[in-house]
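Participant: Provided herewith is a single structure, encoded as structure tokens, for subsequent inquiry.
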Amino acid sequence: MQPLGPVIVLDLFPPERQLLLELLSELTEEDRHKPTVCTGWTVKDIALHLLGDDISRLSRKRDGFDYLTSMGNPEALDSWDELVSYINERNDVWVQATRRMSSQLLCRLLALTGEELHQYFASLDPYAIGDAVSWAGPDPAPVWLDVAREYTERWVHQQHMRDAVNKPGLKEPRFFAPVLDTFVRALPHTFKDVQADDGTVIQLTISGTSGGDWFLLRKQQQWKLGKASTTRADATVLIDQESAWRLFTRGMSENEVLPHVTIEGNQQLGLHVLHTVSIIA
Numbered sequence: 001m002q003p004l005g006p007v008i009v010l011d012l013f014p015p016e017r018q019l020l021l022e023l024l025s026e027l028t029e030e031d032r033h034k035p036t037v038c039t040g041w042t043v044k045d046i047a048l049h050l051l052g053d054d055i056s057r058l059s060r061k062r063d064g065f066d067y068l069t070s071m072g073n074p075e076a077l078d079s080w081d082e083l084v085s086y087i088n089e090r091n092d093v094w095v096q097a098t099r100r101m102s103s104q105l106l107c108r109l110l111a112l113t114g115e116e117l118h119q120y121f122a123s124l125d126p127y128a129i130g131d132a133v134s135w136a137g138p139d140p141a142p143v144w145l146d147v148a149r150e151y152t153e154r155w156v157h158q159q160h161m162r163d164a165v166n167k168p169g170l171k172e173p174r175f176f177a178p179v180l181d182t183f184v185r186a187l188p189h190t191f192k193d194v195q196a197d198d199g200t201v202i203q204l205t206i207s208g209t210s211g212g213d214w215f216l217l218r219k220q221q222q223w224k225l226g227k228a229s230t231t232r233a234d235a236t237v238l239i240d241q242e243s244a245w246r247l248f249t250r251g252m253s254e255n256e257v258l259p260h261v262t263i264e265g266n267q268q269l270g271l272h273v274l275h276t277v278s279i280i281a
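Quick note on numbering: the sequence shown equals residues 1 to 281 in my numbering.
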């Protein structure tokens, strides 16, 4: 099986941020207060959340500032549900506290943090081993995957905003293909408890100009992800690119996405692909 290469997205951060700022500058006040698929959050709220993400990442990773430790109150998170709850609560507190910020100031700050975040990511060795990317597994991950995860979060949230105001964008392969290529890195972790004979192959085909083919191979009691396989797939899953990203980010449920999916071969293995979640949720 042909191994997958890294997803290098460093050069996409500046244009993604520029397109976000252009979108925000075009919105009316009514647009900014339109609801989004992020429950309880408006378009402006998502922009505030993105600013908070930038500030948190720069403060924690670049500047070495750990808020909880500095307050003498480190929290032990013993389960996945506790982690998700903690992150959601922290995000909501930030958004509520910053709603008093003007849209003009918000855009200026997003421009500043976007530039500083790009500079910080550029200073890192993408092939060094860093922190775990939780939805891809508990093991330390290469820095490039962590950076790609950060890019996908910004891309997805910009889609949420664009959907709310009916202003599509960033669907060109340059921006979209790396998102899908990053999301599928969750597949081995998704299948970690699925038993199958060695040599079993599952093929995921995402149709569309930003899609592609990925192969999951069972080898030595582990699942390995690759880009090509000489072995005939035991299960083949076909899904369009729009449905794929929404499924992987819980924008569509498994039942909602089924009409957009074709599974050939082993149905049980194919359906398990639909359990893939490539965000902390």
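Each residue gets a CB set at the ideal place from its N, CA and C atoms; glycine is no exception.
Quick check: what's the CA-CA separation for T28 versus T36?
Facilitator: Cα to Cα, the separation comes out at about 15 angstroms.
Participant: So, are the CB atoms of R154 and L274 less than 8 angstroms apart?
Facilitator: no
Participant: Does DSSP put V237 in a helix, a strand or coil?
Facilitator: DSSP places V237 in strand when its eight states are reduced to three.
Participant: Going by C-alpha to C-alpha distance, which of I202, T262 and L21 sits closest to A111?
Facilitator: With respect to the C-alpha of A111, the residue from I202, T262 and L21 having the closest C-alpha is L21.
Participant: Check whether the Cβ atoms of V133 and L145 sit closer than 8 angstroms, and answer yes or no.
Facilitator: yes
Participant: On the criterion of 16 or more Cβ atoms from any shown chain inside 10 Å, does E16 qualify as buried, or is it exposed?
Facilitator: buried
Participant: According to the Cβ coordinates, are T230 and I279 closer than 8 angstroms?
Facilitator: no
Participant: With a floor of 4 residues, list each alpha helix (DSSP H) that falls wholly inside the segment 28-99, ordered by position along the chain.
Facilitator: 29-32, 43-57, 67-70 and 80-98
Participant: Relative to the C-alpha of K192, which residue among L204, L24, Q222 and V261 is closest?
Facilitator: Q222
Participant: Determine the extent of the alpha helix (DSSP H) in which T152 is found, giving its start and end residues.
Facilitator: That run of the alpha helix (DSSP H) goes V143 to V165.
Participant: Buried or exposed: F176, going by 16 or more other Cβ atoms within 10 Å of its Cβ?
Facilitator: So F176 counts as buried.
Participant: At what residues does the alpha helix (DSSP H) containing V179 begin and finish?
Facilitator: P173 to F183
Participant: Could you say which of T113, E150 and K227 lies nearest to D131 if we only look at CA atoms?
Facilitator: The option with the nearest alpha carbon to D131 is E150.
Participant: Which term fits K44, buried or exposed, when burial requires 16 or more other beta carbons within 10 angstroms of its beta carbon?
Facilitator: buried
Participant: Can you check which of these residues, V194, S210 and G169, is closest to V179 by C-alpha distance?
Facilitator: S210
Participant: Tell me the DSSP secondary structure of V133 in three-state form.
Facilitator: coil
Participant: Quick one: using the 10 Å Cβ neighbour count with 16 as the cut-off for buried, is E54 buried or exposed?
Facilitator: Note on residue identity: the sequence assigns Asp, not Glu, to residue 54. Classification for D54: buried.
Participant: Quick one: residues in its chain with C-beta nearer than 6 angstroms to the C-beta of G52, no 5 flanking neighbours on either side, listed in chain order?
Facilitator: So the list reads W94, once near-sequence residues are dropped.
Participant: Pick helix, strand or coil for A122, following the three-state DSSP scheme.
Facilitator: helix
Participant: If you drop the 5 nearest sequence neighbours on each side, which residues of the same chain put their C-beta closer than 8 angstroms to that of L170?
Facilitator: Correct list, in chain order: E16, L19, W155, Q158, Q159, R162 and F176.
Participant: In chain order, what residues of the same chain have a beta carbon less than 8 angstroms from the beta carbon of F121, not counting five sequence neighbours either side?
Facilitator: L10, F13, V147 and E150
Participant: Buried or exposed: where does F65 fall if 16 or more other Cβ atoms within 10 Å of its Cβ makes it buried?
Facilitator: exposed
Participant: State the DSSP-derived secondary structure class of P3, mapped to helix, strand or coil.
Facilitator: It is a strand residue.
Participant: Pairs of beta-carbons, one from the segment 190-205 and one from the segment 82-102, closer than 8 angstroms: are there three or more?
Facilitator: By the Cβ criterion, the segment 190-205 is not in contact with the segment 82-102, since fewer than three pairs of Cβ atoms, one from each stretch, lie closer than 8 angstroms.
Participant: How far does the beta strand (DSSP E) with L204 in it extend, from its first residue to its last?
Facilitator: V201 to S207
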